[in-house]
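Asker:
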Amino acid sequence: MSVTHTSPNTTMTSLRRRSPPWYRKWLGGPLRQAMVWLPLAALVLWTMGPFLISLSVSFKQPAQVFADPGIIPAEPTLDAYARVIDRPGFQKALWNSIVIAFGSLILTLIVGVPAAYAFARFRFRGRHLLLLFSLLPMLAPKVGLMFPLFLLAVELGAFDSRLFLIFVFTGMLLPLAVWLLVGFFQAIPRELEEAAAVDGATQFATIRTVILPLAIPALITVAVLAFREAWNEFELVLALTQTADSRTLPYELFLMQDATGIADYPIQNAFALLTIVPLVLVYLRIERYVAEGLLSGAVK
Amino acid sequence: MAEGDPSTDMASATRIVGWQHPWIAYLSSAPAMIIVAVVLAFPVLFAAVQSLYDISPLSQESPFIGFGNYIDVFSEPSFWSSLWRTGIFVFGVIALGLTLSIIFAFALNRVVSGLRFIRGLAILPYIVSSVAAALMFRTMFNSEFGFPNQVLEFMGFGAVPWLSNGVYAMIVVIIAQVWTDLPLALLFILGGLQTIDDQLTEAALVDGATGLRSAIYISIPLIAPQITLATVWLSFKAVTSLGTVLALTGGGPGEATQLLTLEMVRLGFDEYETGTAMALVIIIFVLNAALTLFYLGLQRKFGTK
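In structure tokens:
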């Protein structure tokens with residue numbers, strides 16, 4: 001029996017060891033299949049479960065949440081979404097989030113690209129600081145920066161200002177952005193630039209016409225990461241803003257928990273999902289860049 | 001210059017391309033350096049200095065008191081209890097996070113087709129803000145209509161008071177934190193698994209190892225660096241977690257999930273104890289750095305290479 005299960009190249013080794021245990025044939029068959037598919041099913045359930053439950057609750061009326069606890073709402077309604085969108089707080093926070101996220105994205109690229117190019121191509125004093133520069137966010141986590149930055153903002157008169165938030169978010173993301181871009185720029189052969197220079201292009205023109213077009217995947221990755229950082233950031237917004245004029249969606253969502261009195265689950269979940277949707281739409285198109293960007297940023 | 005002399009041409013090309021004026025390099029990296037210095041480096045130094053003074057908005061004077069604030073912090077029982085809770089929280093996040101990311105990564109590594117789709121799905125929590133995640137988990141773990149309780153009741157068990165019982169609340173907070181931070185840990189470990197030469201695991205199978213044994217004795221030691229990286233990441237996120245816990249339990253019920261970070265917010269923003277809050281900030285920095293060094297040390301001692 002055991003011989004039929006032993007392939008020719010294992011006969012030698014099988015002579016030296018005990019006959020295969022009874023469960024061996026199961027391991028090659030259904031059990032092995034299950035050992036792959038069961039964790040995968042668990043992964044999908046683990047990841048999507050909270051989204052699905054949230055989605056289900058957001059389509060119910062507040063009273064229905066308790067009366068009709070099933071996943072598929074008996075009488076689905078968009079009422080909660082309408083109520084979220086009607087809130088002046090939501091509209092303002094949405095606008096602030098858009099302004100601050102795009103502001104941080106643009107500033108990160110404008111400041112990050114020249115710095116990364118300098119780190120990648122020049123030999124200058126301080127170049128070895130790059131590693132320290134990139135590790136700073138790990139050494140100085142956001143939660144510890146809240147209070148010092150709050151005092152700094154008050155001192156500078158920049159408390160509750162969108163511009164200061166853009167500045168701070170840019171600072172948070174620059175180390176990762178520069179690290180990613182340096183790696184990318186270094187991978188572009190120098191000969192391309194030299195060829196352009198021999199053809200009479202200025203340095204600036206070379207960067208614009210040769211380097212940047214090649215670096216588009218890295219630029220997209222950095223842009224997405226910067227956007228995500230600014231869009232999702234909560235702790236620093238909590239510390240650095242006070243009024244609806246500058247607070248972004250996560251803080252508004254946090255405040256709404258208390259404002260609605262008896263927990264209004266549909267409106268909270270509708271709000272949460274609405275803040276996630278823009279990122280999901282962007283993300284679906286460029287998932288590959290994000291996954292690879294994250295990995296290269298962290299592993300290198 | 002001699003026409004067609006390659007060495008001269010090359011030299012001039014390198015001169016142009018090399019752009020050998022270092023001031024341009026300084027100039028182009030200066031804005032980034034300045035922003036990072038102001039946003040990341042300055043606050044750390046500022047906190048370190050402030051933590052040595054007795055600062056309170058109620059009094060004009062702020063005398064230098066050396067390590068007085070630290071002594072204050074250490075003599076406070078609430079510091080030790082929140083440190084203990086942070087310890088449980090960090091341990092829970094690492095234990096659950098590593099278990100799940102290793103199991104999921106091994107399964108993903110076996111996927112032949114559609115890997116990108118499932119991997120993309122698995123990274124989704126990465127783009128959810130901590131507050132949104134916390135709200136989703138508050139809904140999910142509601143004790144009356146929440147899904148886990150529905151399942152428990154269906155199976156004949158009683159309802160669990162997830163968010164009103166201290167122990168269960170800590171479990172929910174740990175699960176929510178792992179849910180948010182799992183994607184990167186999973187990517188690290190999957191990346192490690194994908195670099196393993198198939199011949200090694202095949203050889204182990206031929207030698208009679210089962211899939212599970214080859215995973216434990218062959219694959220896991222080979223991906224020790226990536227496991228360390230995932231541990232560092234999970235630990236870092238857990239030590240510095242604030243938004244998730246604040247929005248999910250607010251430190252409650254009672255003080256059951258009052259972590260060090262929430263304690264820092266309470267001292268700094270609610271009680272205006274600037275000096276003490278700064279001391280706590282520095283303690284969190286040091287704790288985080290010490291844990292990271294500890295994991296790296298563990299890997300150096302027990303890991304391969």
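From first to last, the protein sequence lines stand for chains A and B. At position 45 of the first sequence the residue is numbered 45 (full-length UniProt numbering), and the sequence of numbers has no breaks. At position 149 of the second sequence the residue is numbered 149 (full-length UniProt numbering), and the sequence of numbers has no breaks. Backbone N, C-alpha and C fix where the C-beta goes; we use that ideal spot for every residue, glycine too. What you are looking at is a predicted structure, and each value in this text was computed from that prediction instead of being measured.
State the beta-bridge partners of F227(A) as determined by DSSP.
Answerer: Paired residues: none, contrary to the question.
Asker: Any C-beta of chain A within less than 7 Å: which residues of the segment 240 to 251 of chain B qualify?
Answerer: Answer in chain order: T240, L242, G243, A247.
Asker: What are the boundary residues of the alpha helix (DSSP H) that includes M170(B)?
Answerer: It spans 166 to 194 - the alpha helix (DSSP H) in which M170(B) sits, taken as one unbroken run.
Asker: Going by C-alpha to C-alpha distance, which of S143(B), Q150(B), R119(B) sits closest to E287(A)?
Answerer: E287(A) has its Cα closest to that of R119(B), out of S143(B), Q150(B), R119(B).
Asker: Please confirm whether H5(A) has its beta-carbon closer than 8 Å to some beta-carbon of chain B.
Answerer: Note that H5(A) has pLDDT 47, beneath the 50 cutoff, so the model's placement of it is unreliable and no number is given.
Asker: In whole angstroms, what is the alpha-carbon distance linking I106(A) and A223(A)?
Answerer: Those two C-alpha atoms are separated by around 8 Å.
Asker: CA-CA distance, Y295(B) and T231(B)?
Answerer: Their Cα atoms are separated by approximately 7 Å.
Asker: For F64(B), write down the residues that DSSP places opposite it in a beta bridge.
Answerer: According to DSSP, F64(B) bridges with Y53(B).
Asker: What first and last residue would you give for the alpha helix (DSSP H) that runs through S82(B)?
Answerer: Where S82(B) is concerned, the enclosing alpha helix (DSSP H) stretches over 77 to 110.
Asker: Return the residues of the segment 144 to 156 of chain B that lie within a Cβ-Cβ distance of less than 7 Å from chain A, sorted by chain order.
Answerer: Within the segment 144 to 156 of chain B, the qualifying residues are E144, F145, F147, Q150.
Asker: What are the boundary residues of the alpha helix (DSSP H) that T108(A) is part of?
Answerer: Element bounds for T108(A): 88 to 121.
Asker: Name the residue from A122(B), M170(B), L280(B), I127(B) whose alpha carbon lies nearest to the alpha carbon of T249(B).
Answerer: Of the listed residues, the one whose Cα sits closest to T249(B) is M170(B).
Asker: Can you round the beta-carbon distance between residue 325(B) and N269(A) to whole angstroms, since I take them to be within the 8 Å contact cut?
Answerer: Outside the shown range of chain B, which is 1 to 305, sits residue 325(B), and nothing can be said about it.
Asker: Quick one: Cα of G252(B) to Cα of L163(B), how far?
Answerer: If you take the alpha carbons of G252(B) and L163(B), they lie about 8 Å apart.
Asker: At the level of alpha carbons, what is the spacing between I220(A) and P148(B)?
Answerer: Rounded to whole angstroms, I220(A) to P148(B) spans 39 Å at the Cα level.
Asker: Can you find the residues in the same chain that come closer than 7 Å, C-beta to C-beta, to I166(A), ignoring five residues on each side of it along the sequence?
Answerer: Correct list, in chain order: I100, G103, S104, L107.
Asker: When you check each C-beta in the segment 204 to 231 of chain A against every C-beta of chain B, which residues fall closer than 7 Å?
Answerer: Listed by position, the residues of the segment 204 to 231 of chain A near chain B (Cβ gap below 7 Å) are R228.
Asker: Going straight from the alpha carbon of L187(B) to that of A105(B), what length do you get?
Answerer: So the alpha carbons of these two residues sit roughly 8 Å apart.
Asker: Measure the Cβ-Cβ separation of E235(A) and F169(A) and say whether it is below 8 Å.
Answerer: In this structure, F169(A) does not lie closer than 8 Å to E235(A) by Cβ.
Asker: Sort I85(A), L132(A), F185(A), A197(A) by Cα distance to L212(A) and report the nearest one.
Answerer: That would be F185(A), whose Cα lies nearest to the Cα of L212(A).
Asker: Is the shortest distance between the beta-carbon of A185(B) and the beta-carbons of chain A less than 8 Å?
Answerer: It does not: the Cβ of A185(B) has no partner Cβ on chain A nearer than 8 Å.
Asker: In or out: A159(B) buried (at least 16 other Cβ within 10 Å) or exposed?
Answerer: Exposed, since its Cβ has fewer than 16 Cβ neighbours within 10 Å.
Asker: Give a yes or no on whether the C-beta atoms belonging to T108(B) and L190(B) are separated by under 8 Å.
Answerer: Here residue 108(B) turns out to be Leu, not Thr, going by the sequence shown. Closer than 8 Å, so yes.
Asker: Could you tell me whether the Cβ of N288(B) comes closer than 8 Å to any Cβ of chain A?
Answerer: For N288(B), the answer is yes, since a Cβ of chain A falls inside 8 Å of its Cβ.
Asker: Using a C-beta cutoff of 8 Å, does P73(A) count as contacting chain B?
Answerer: P73(A) does not count as touching chain B.
Asker: If you measure from the beta carbon of V17(B) to each beta carbon in chain A, is any gap under 8 Å?
Answerer: Confidence is the limiting factor: at V17(B) the pLDDT is only 46, short of 50, which leaves the residue's position unreliable, though a coordinate-based value still follows. Output row for V17(B): interface = yes.
Asker: Could you name the residues of the same chain whose beta carbon sits closer than 6 Å to that of T47(A), not counting the 5 residues immediately before and after it, in chain order?
Answerer: Nothing meets the Cβ criterion.
Asker: Along the segment 121 to 132 of chain B, where does the CB come closer than 7 Å to a CB of chain A? Name the residues.
Answerer: Those residues of the segment 121 to 132 of chain B that come within reach of chain A (Cβ to Cβ, closer than 7 Å) are L121, A122, I123, L124, P125, I127, V128, S129, S130, V131, A132.
Asker: State the DSSP-derived secondary structure class of L298(B), mapped to helix, strand or coil.
Answerer: Correct three-state label for L298(B): helix.
Asker: Less than 8 Å between the CB atoms is what I'm expecting for Y283(A) and I127(B), so what's the real figure, rounded?
Answerer: Rounded, the Cβ-Cβ distance is 5 Å, consistent with contact.
Asker: Which word fits P125(B), buried or exposed, when buried means at least 16 other C-beta atoms lie within 10 angstroms of its C-beta?
Answerer: Buried is the call here.
Asker: So with CB distances below 7 Å, who are the chain B contacts of Y81(A)?
Answerer: Neighbours of Y81(A) on chain B: none; closest Cβ ~15 Å, over 7 Å.
Asker: Where do the N-terminal and C-terminal ends of the alpha helix (DSSP H) with R190(A) fall, by residue?
Answerer: That run of the alpha helix (DSSP H) goes 190 to 198.
Asker: Starting from the C-beta of W233(B), find all residues in its chain whose C-beta is less than 8 Å away, skip the five residues before and the five after it, and write them out in chain order.
Answerer: The answer, listed in chain order, is D181, L184, A185, F188.
Asker: As an exercise, report each continuous alpha helix (DSSP H) stretch of at least 4 residues that is fully enclosed by the segment 214 to 285 of chain B, in chain order.
Answerer: The qualifying runs are 224 to 239, 243 to 248, 260 to 265.
Asker: Could one say the Cβ of F285(B) lies closer than 8 Å to chain A's Cβ atoms, at least one of them?
Answerer: Interface residue, yes.
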